[in-house]
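Numbering (the numbering used here), first residue to last: 608 to 1154.
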């Protein structure tokens, strides 16, 4: 038999009793509904002993069919879906759910996936189907899961590339329009992508929504100079606000929040440590958005990966494919740049393993015990990116990178805990395929870069935003402030972990070293960007296991 169960934030005690006592039921489809805008359409055709369900929200589309007679089920995860679908099966029970918390609460045998942990401690994304638990897998977006004859089978869905757009400007406008809900808000860092989404959203809700709340996570006045090389993005966000009469900026002030508490909260929501630390630093954003009654939150994330991606690599692909005629045409625009590209390609050919990979390996927080247990070193180096065959494949590799999916899934899951659906228009499949079908030579322009995107948004952003090339701010610039503000507490947590199993998994001494390096950067000794995702993952893992 198949049990199709809908629940609110937490599973009811009755459901646990059902699973513990009813041995006739073998397949459980447990859907945790957290979003206000989520719509569930259940078609109960009980005469045929079949359930058909369609679930839709700005965070994605899913469909579920359960056949009671055949003891089978089919689940489809939409290509744009940010909501994960997890699945597990042993000899007695099969579970499918959109929440990893379900598996941690039910009577199933879960073992930790140490390879997944090794990925987090080394700063690389694990494979798309892997989770914190070895026996619980994740369904990739744009694929289907079928349970038949007590076996799970995965199938790729047919891609829907049907789009009716006149040009990129029209495509962007219509894509944003598609995601608009009842109570809308948007992130606004002041960069090209977030400003464009805020602009189109403001344009579409004008007259329908009195105030469009935008959220900016800028630095406080007076401490800006401590966090070089970041510029003050609030001034750029203010330009967008002045450009649209119905747009109001809300500064997200999380400086006094307890970072440790936020890390614990994210871990409890995700039922695992977060691989993307933005899950921690966005929590105050979600609280503020919920307080202002926002139920659909728009983000400009994904632009760099596709629609507004830099195209300076394009000449390299023409050279690699020996497309000399096209390269000659391109050189007429800027012969010096093309000449440099040719010299760079032949003189400095990329190595099979780039130098940054070795530097990253040196900074990993994996202990020797974990390296040997997971045989992780060969996996780490074999995971190096390879040069794509063409420019279209290069963009697809960026869009489909597991790290992109992880950021979307984890942030969306935490946001849904607060009743908020994320909308990522720049990761919309139809928009992406439209952009990919634009000839490559039209995408490429040496100066200015991202020229197609800039032209497409010229009506909805001020000229200072459209033409800017100077953004050097982090997505959430208060990360370093909050990290160093709780440095002493974090050091104490690391020292306490030395007495636990974590000492066999995490290189705790190197954690202390990374924390010290972050402090040095804060004082302006280290130039450039210091990547701390290894440190945040390790801290999240310690706190998750402790709780």
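Backbone N, C-alpha and C fix where the C-beta goes; we use that ideal spot for every residue, glycine too. The model shown is predicted, which means the values in this text are computed figures rather than measured ones.
Between the stretch 752-761 and the stretch 883-901 there are fewer than three C-beta pairs closer than 8 Å, too few to call the two in contact. Residue environment for residue 817: exposed (fewer than 16 other C-beta atoms within 10 angstroms of its C-beta). Closest in alpha carbon position to residue 690, among 1012, 880 and 871, is 1012. In the three-state scheme derived from DSSP, where H, G and I count as helix and E and B as strand, residue 683 is classed as strand.
Contact check for residue 1059 and residue 1049: beta-carbon distance about 7 Å, within the 8 Å limit, so the pair qualifies. Residue state for residue 722 is assigned as helix, using DSSP reduced to three classes. Annotation note: the stretch 772-821 contains the following uninterrupted beta strand (DSSP E) runs of length 3 or greater, listed N- to C-terminal: 791-794. Rounded to whole angstroms, residue 850 and residue 839 show a C-alpha spacing of 19 Å.
Our two residues, residue 1096 and residue 919, have alpha carbons roughly 44 Å apart in a direct line. Annotation for residue 1056: 917, 918, 919 and 1076 place their beta carbon closer than 8 Å to its own, counting only its chain and skipping 5 residues before and after. Runs of the beta strand (DSSP E) lying entirely within the stretch 890-922 and spanning at least 3 residues, in chain order: 903-905. Closest in C-alpha terms to residue 664, from the list 787, 1063 and 798, comes 787.
Spatial neighbours of residue 974 in its own chain (CB-CB distance under 7 Å, excluding positions within 5 residues in sequence) are listed in chain order as 1111, 1112, 1113 and 1114. Taking the Cβ atoms as the reference, residue 715 lies roughly 6 Å from residue 695, within the contact range of under 8 Å. Annotation: the stretch 1072-1141 contains no complete segment of the beta strand (DSSP E) (minimum length 3 residues). Residue burial annotation: residue 745 is buried, with at least 16 other C-beta atoms found within 10 angstroms of its C-beta. Straight across, the Cα-Cα distance linking residue 935 with residue 947 is about 13 Å. When DSSP states are grouped into helix, strand and coil, residue 706 belongs to the coil group.
For residue 695, the secondary structure class from DSSP, reduced to helix, strand or coil, is strand. Here the stretch 705-714 makes contact with the stretch 732-746; the two share three or more CB pairs at distances below 8 Å. Counting C-beta pairs closer than 8 Å gives fewer than three between the stretch 872-884 and the stretch 802-819, which falls short of the contact rule. Taking a contact to require three or more Cβ pairs closer than 8 Å, the stretch 847-866 and the stretch 770-786 do not qualify as touching. When only Cα atoms are considered, residue 871 and residue 1042 end up about 40 Å apart. The beta-carbon separation of residue 1063 and residue 754, rounded to 44 Å, does not stay under the 8 Å limit for a contact. With respect to residue 661, residue 688 sits apart: the two C-beta atoms are not nearer than 9 Å. 9 Å or more divides the Cβ of residue 748 from the Cβ of residue 1009. Between the C-alpha atoms of residue 1083 and residue 987 there is a straight-line separation of about 28 Å. With a threshold of 16 other beta carbon atoms within 10 Å, residue 720 meets it and is buried. Separation of residue 796 and residue 1068 (C-alpha to C-alpha, rounded to the nearest whole angstrom) is 13 Å. Around residue 1002, the same chain offers 913, 916 and 1043 as residues with beta carbons nearer than 7 Å, after the five sequence neighbours per side are excluded. In the DSSP annotation of this structure, the continuous segment of the alpha helix (DSSP H) that includes residue 932 starts and ends at 931-938.
Of the candidates 1023, 1141 and 1102, 1141 places its Cα closest to the Cα of residue 968.
Residue 970 is not bridged by DSSP to any residue. Here DSSP, grouped into helix, strand and coil, assigns residue 858 to strand.
Per the DSSP secondary-structure output, residue 981 pairs with nothing in a beta bridge. For the pair residue 706 and residue 1154, the CB atoms are not nearer than the 9 Å cut-off.
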